[in-house]
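First to last, the sequence lines map onto chains S and D.
Position in the first sequence (first residue = 1) + 61 = the numbering used here.
Position in the second sequence (first residue = 1) + 61 = the numbering used here.
Written out below as structure tokens is the structure these notes cover.
There are 2 protein chains.
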Amino acid sequence: MKNLLAIGVIFLMGFIGFAQVNPVEDFKPSETNQPGREYPKVNSEGRVRASISAPEAQKVQLDIGGVQYEMTKNTNGFWVGESAPQDEGFHYYQLNVDGALVPDPGTKYYYGAGRWGSGIEIPASDSEKFELKDVPHGTVSEKLYFSNITQAWRRCFVYTPPDYGKADGTRYPVLYLQHGSFEDQTGWASQGKANLTLDNLIASKKAVPMIIVMDNGYAYRPEDVNKGGRPPSAFEEVLVNEVIPMIDEAYRTKSDRENRAIAGLSMGANQTMRILMNHLDKFAFYGGFSGTSNYPKSDKIDTKTFLNGAFDDGNAIDEKIKVFWLGLGTKEPDPFPESVGAFRQMLNDQDIQHVYYESDGTAHEWLTWRRSLYEYAQLLFKN
Amino acid sequence: MKNLLAIGVIFLMGFIGFAQVNPVEDFKPSETNQPGREYPKVNSEGRVRASISAPEAQKVQLDIGGVQYEMTKNTNGFWVGESAPQDEGFHYYQLNVDGALVPDPGTKYYYGAGRWGSGIEIPASDSEKFELKDVPHGTVSEKLYFSNITQAWRRCFVYTPPDYGKADGTRYPVLYLQHGSFEDQTGWASQGKANLTLDNLIASKKAVPMIIVMDNGYAYRPEDVNKGGRPPSAFEEVLVNEVIPMIDEAYRTKSDRENRAIAGLSMGANQTMRILMNHLDKFAFYGGFSGTSNYPKSDKIDTKTFLNGAFDDGNAIDEKIKVFWLGLGTKEPDPFPESVGAFRQMLNDQDIQHVYYESDGTAHEWLTWRRSLYEYAQLLFKN
């Protein structure tokens with residue numbers, strides 16, 4: 062009995078140790094660290110080990126993936142602690158120092174989750190798709206413009222492909238690419254790695270050279286804001302009436318609908334699908350990454366009423382839209398799978414051809430969207 | 062006696078209150094805040110009021126300008142505190158939560174002082190020089206390149222003036238503009254506002270349209286790094302042998318020396334002066350903002366030995382360099398005034414014409430350098 066108990070205790074200790082206490086000791090500084098910083102680190106299991114000097118603090122936690130992990134204080138005043146293994150890809154996180162939720166001073170900062178804050182990269186099995194490689198590189202430019210609709214200065218980022226600078230008169234097709242809720246126009250060319258993805262795809266001739274425009278999906282008329290409450294979005298008007306004409310004026314674009322694509326992630330998928338269906342004369346390609354316009358509903362879609370009947374004539378839509386593309390991570394939470402599933406069912410019922418892609422092992426996060434762009438961009442402007 | 066004491070106490074309280082306790086209550090959210098954040102705030106005296114929720118913390122400080130200001134806890138767990146009045150312009154700062162030095166979650170983040178961290182803007186009397194105005198705007202592009210010298214990927218930022226996108230064949234002069242120590246290539250087009258400054262100067266025809274290239278002044282050969290210790294800088298070779306040819310290839314530049322300027326701040330002033338004097342065939346304009354190559358010395362300069370005798374033939378230098386420009390803030394600490402003063406004395410002794418500018422009421426900080434660029438850029442490429 063005594064021996065059995067001992068075995069039980071050893072087994073239990075072993076189990077706890079494996080699950081919570083003894084991470085594999087192959088931690089390396091994260092690629093998203095500030096220059097010269099050793100912490101945070103990531104190990105081969107995808108655990109994050111954070112560290113911060115806080116000699117007078119009583120309690121410090123690593124807050125990642127919605128879970129708070131207790132950190133412990135060393136004799137020199139440094140707190141250290143690890144998370145459970147995280148999904149591969151990019152995650153937002155923060156530290157909690159005696160109740161203050163703060164960025165980790167070790168990392169670079171990214172806009173997402175409604176704030177500029179820490180991000181960390183758990184290296185992905187297919188990270189070579191998005192890596193900085195020895196191939197010709199395009200450039201990402203910040204473009205400032207005054208919106209008459211919002212009566213405010215706005216900015217967008219524009220990716221131009223490697224040969225654009227040659228100024229040989231070549232004109233390029235354009236992809237309008239949108240972020241999700243609580244994110245902004247900085248995301249796609251930073252944690253989204255859209256520029257590096259296209260550099261790699263263009264170098265390997267998997268995608269045709271294209272311009273990508275990344276704008277801010279939040280746009281409101283001042284008179285609507287002044288009314289109080291949640292103002293209606295003016296983004297569709299800003300994009301269609303201000304941004305597209307500006308881009309076609311300022312860049313060497315091909316400006317017919319067969320050379321213009323639109324895509325977005327999450328809220329951006331919802332927005333861009335509405336914009337597409339209201340302006341089929343302007344876009345021939347659609348990409349919805351982790352979202353559709355029936356979100357958050359998962360009921361069967363009534364095509365008579367959905368988006369004012371835009372999908373009711375399936376054959377007409379099927380003919381007009383050259384690539385209708387949907388992507389989703391296999392670990393996305395409710396209601397994304399159900400909502401996108403109901404939308405796909407509608408497409409099937411209406412005989413509208415579409416591509417459906419699943420990102421293996423990723424949730425409602427950037428690796429799902431990087432992979433979606435990687436797949437989607439290969440299908441654009443080839444018909 | 063009792064009355065005198067009471068008067069004394071009241072006087073003393075009044076004095077402390079005026080100096081430390083009763084700021085003018087006209088605080089407004091800082092223009093460098095994250096979207097939607099109320100704190101930090103700045104008042105008309107230039108005081109910074111910070112606030113952070115840290116219900117379990119024992120001690121929270123606002124750390125700005127080398128001084129720590131105690132913050133106090135409200136009943137709802139928020140800490141609030143103010144600094145003394147700060148110089149107008151941009152300052153780096155941080156919060157101290159129970160010994161943890163962390164960015165303020167209320168601000169945007171900037172690279173400087175060796176880290177990505179909080180910055181705050183005390184509105185300047187002449188801020189219209191650098192403001193986003195309703196004028197044509199150039200674009201800032203991020204350019205990635207592989208350096209054979211450092212055997213690493215590097216990036217620079219390139220400002221192209223408003224009409225550059227017209228691609229009408231117009232070629233432009235180029236200013237190479239460098240950051241200071243513990244800063245990087247992101248500074249000039251962010252807290253430095255170089256792009257907005259040039260947009261405004263070009264719109265008012267005070268400066269000619271030009272390209273500005275902002276690279277990273279830290280560059281080392283891998284074999285030098287591997288030796289240990291402080292490696293010699295390879296920045297001069299990277300700039301001259303790699304960056305300039307790349308820019309002249311990728312952009313519509315005028316590539317003769319009379320259409321190429323170089324300038325830098327602090328460490329960048331020191332670096333660019335050396336580069337200038339080693340490559341007078343490549344540059345005709347120099348700008349040194351808060352720095353010179355004799356830094357940190359303030360001894361009389363021996364032109365026989367200084368920079369290998371580069372300034373010894375004053376007449377030849379005077380003829381070659383079309384604008385030799387030096388700027389300094391009136392509140393700069395030792396040894397900047399003395400060191401730049403010794404350098405100016407040498408220029409005078411050698412009969413080398415130069416422009417000397419003083420930024421009123423600013424120290425070794427970004428408002429000095431914004432104003433320096435504003436003045437300097439007006440003199441470029443006009444001969």
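Even for Gly, the Cβ is constructed at its ideal location relative to N, Cα and C.
Kindly list, in the order they appear in chain S, the residues whose Cβ is closer than 8 angstroms to that of A118/D. For a Cβ distance threshold of 8 angstroms, residue set A118, V158, D159, G160, A161 of chain S lies close to A118/D, ordered along the chain.
Against chain D, does E203/S count as a neighbour if the rule is that its beta carbon must be under 8 angstroms from one of theirs? Yes, E203/S lies at the interface with chain D (some Cβ there is under 8 angstroms from its Cβ).
Taking the continuous beta strand (DSSP E) assigned at D124/D, which residues delimit it? Per DSSP, the unbroken beta strand (DSSP E) holding D124/D starts and ends at 121-125.
What does T200/D touch in chain S if you count any residue whose Cβ is under 9 angstroms from its own? Within chain S, the residues near T200/D are S202, E203, K204, L205, V219, A311.
Helix or strand or just coil, what does DSSP make of I336/S? In the three-state reduction of the DSSP assignment, I336/S falls in the helix class, which pools H, G and I.
Going by C-alpha to C-alpha distance, which of Y281/S, F218/S, A115/S sits closest to N157/D? For the options Y281/S, F218/S, A115/S, the alpha carbon positioned closest to that of N157/D is the one of A115/S.
Can you name the residues that DSSP bridges to Y170/D? In DSSP, Y170/D forms a bridge with S179/D.
Given E303/D as reference, the closest of C217/D, Y356/D, V269/D once Cα atoms are compared: It is C217/D whose Cα lies nearest to the Cα of E303/D.
Under three-state DSSP, which class holds A322/D? Looking at A322/D - three-state DSSP - the assignment turns out to be strand.
Using DSSP with H/G/I as helix, E/B as strand and the rest coil, what is T247/S? Residue state, collapsed to three classes: coil.
Would you tell me roughly how many angstroms separate the C-alpha atoms of K169/S and M407/S, rounded to the nearest one? Going from the Cα of K169/S to the Cα of M407/S covers about 42 angstroms.
I308/D, DSSP secondary structure in three states: I308/D: helix per DSSP, three-state reduction.
I need the boundaries of the alpha helix (DSSP H) containing F397/D, first residue and last residue. Run containing F397/D: 397-410, per the alpha helix (DSSP H) assignment.
From which residue to which residue does the alpha helix (DSSP H) around Y437/S run? Where Y437/S is concerned, the enclosing alpha helix (DSSP H) stretches over 427-438.
Would you kindly check if the distance between the Cβ of A424/S and the Cβ of P394/S is under 8 angstroms? Yes, the pair counts as a contact, with Cβ atoms nearer than the cut-off.
Under the assumption that G375/S contacts Q239/S (Cβ atoms under 8 angstroms), give the Cβ distance between them as a whole number of angstroms. About 25 angstroms separates the CB atoms of G375/S and Q239/S; that is not less than 8 angstroms, and the two are not in contact.
N-terminal and C-terminal residue of the alpha helix (DSSP H) that E284/D is part of: Residues 283-287.
Can the beta-carbon of M275/D be found closer than 8 angstroms to that of A250/D? Yes, Cβ-Cβ distance for M275/D and A250/D is below 8 angstroms.
Less than 8 angstroms between the C-beta atoms of I125/D and A161/S, yes or no? No, the Cβ-Cβ distance between I125/D and A161/S is not below 8 angstroms.
Would you please verify whether the beta carbon of L441/S is less than 8 angstroms from any beta carbon of chain D? No, L441/S lies away from the interface with chain D (no Cβ there is under 8 angstroms from its Cβ).
Measure the C-alpha to C-alpha separation of K343/D and T314/D and round it to an integer number of angstroms. Straight across, the Cα-Cα distance linking K343/D with T314/D is about 13 angstroms.
Would you give the residue range spanned by the alpha helix (DSSP H) that A255/D belongs to? For A255/D, the enclosing alpha helix (DSSP H) stretches over residues 255-264.
Do the stretch 183-201 of chain S and the stretch 244-262 of chain S touch if we need at least three Cβ pairs shorter than 8 angstroms? The stretch 183-201 of chain S and the stretch 244-262 of chain S touch, with no fewer than 3 CB-CB distances between them shorter than 8 angstroms.
Cβ pair V235/S, R321/S closer than 8 angstroms: Yes, Cβ-Cβ distance for V235/S and R321/S is below 8 angstroms.
Are the CB atoms of R176/S and Q122/D nearer to each other than 8 angstroms? No.
Whole angstroms is fine: what's the gap from L368/D's alpha carbon to Q129/D's? Between L368/D and Q129/D, the C-alpha separation is close to 41 angstroms.
Cross-strand partners of I362/D (DSSP beta bridge): According to DSSP, which records beta bridges pairwise, I362/D is partnered with nothing at all.
List the whole-angstrom C-beta distance separating E436/D from F151/D, where the pair is believed to meet the contact cut-off of C-beta under 8 angstroms. Actually they do not touch by this definition, with Cβ atoms about 18 angstroms apart.
With 16 other CB atoms within 10 Å as the buried threshold, where does R98/D fall? Under a 10 Å Cβ-count criterion, R98/D is classified as buried, with 16 or more other Cβ atoms of the shown protein chains found around its own Cβ.
What residues are listed by DSSP as bridge partners for M275/S? M275/S pairs with F218/S.
May I ask which residues mark the beginning and end of the beta strand (DSSP E) holding E189/S? Run containing E189/S: none; DSSP gives neither H nor E here.
Tell me, please, whether the stretch 136-144 of chain S touches the stretch 127-143 of chain D by the rule of three or more beta-carbon pairs shorter than 8 angstroms. In short, these stretches do not touch, since the Cβ pair count stays below three.
Taking a contact to mean a Cβ-Cβ separation below 8 angstroms, would you say R431/S touches F207/S in this structure? No, they are not a contact pair.
Nearest-angstrom Cα separation, counted from G352/D out to S327/D: Distance between the alpha carbons of S327/D and G352/D: 4 angstroms.
With distances taken Cα to Cα, identify the nearest neighbour of Q411/D among T429/D, I378/D, G390/D. It is I378/D whose Cα lies nearest to the Cα of Q411/D.
Please report how far the alpha carbon of R232/S lies from the alpha carbon of A228/D, in whole angstroms. Each residue's Cα considered, the two are about 12 angstroms apart.
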